[in-house]
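These notes concern the structure reproduced below.
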Amino acid sequence: MWVGFEVIMKVPQRLHTPLTSGSNAISGITAVGALVVAGSMATSVGTLLGLLGVVLAMINVVGGFVVTHRMLEMFNPRKK
1006 MWVGFEVIMK VPQRLHTPLT SGSNAISGIT AVGALVVAGS MATSVGTLLG
1056 LLGVVLAMIN VVGGFVVTHR MLEMFNPRKK
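Numbered according to my numbering, the sequence shown terminates at residue 1085, and the numbering increases by one at each position without gaps.
Structural data, given as structure tokens:
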């Protein structure tokens, strides 16, 4: 966690949006991995854990896109 904080703090502010989009892509990869795990498990416990992983990863993806959208709206000129 400390390394991630240090990396983010050294990135210029104008690059935070692409960095956020990149982390959304990583969360998407996590969601795909959780789908593979959920589909390949023969036991119900493994399937439930895989589905839980899918749900949590998708919450992370959607939240990341919402934050990115809000950040991009800050750069749009205000409509009067």
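Note that the Cβ used here is the ideal one computed from N, Cα and C, for glycine as well.
Bear in mind that the values here come from a model prediction, so they are computed numbers and not experimental data.
> Using DSSP with H/G/I as helix, E/B as strand and the rest coil, what is Arg1075?
Replying inline: Position 70 of the sequence shown, counted from the first residue, corresponds to residue 1075. In the structure shown, Arg1075 sits in a helix (DSSP, three-state: H, G or I).
>> The alpha helix (DSSP H) that contains Val1016, what's its start and end?
In response: Looking up residue 1016 in the sequence shown gives position 11. From DSSP, Val1016 is part of no alpha helix (DSSP H); its letter is neither H nor E.
> Cα separation between Asn1029 and Glu1011?
Replying inline: Position 24 of the sequence shown holds residue 1029. Position 6 of the sequence shown holds residue 1011. One C-alpha to the other measures close to 19 Å.
> Which of helix, strand or coil does DSSP assign to Asn1081?
Replying inline: In the sequence shown, residue 1081 corresponds to position 76, counting from 1. Coil.
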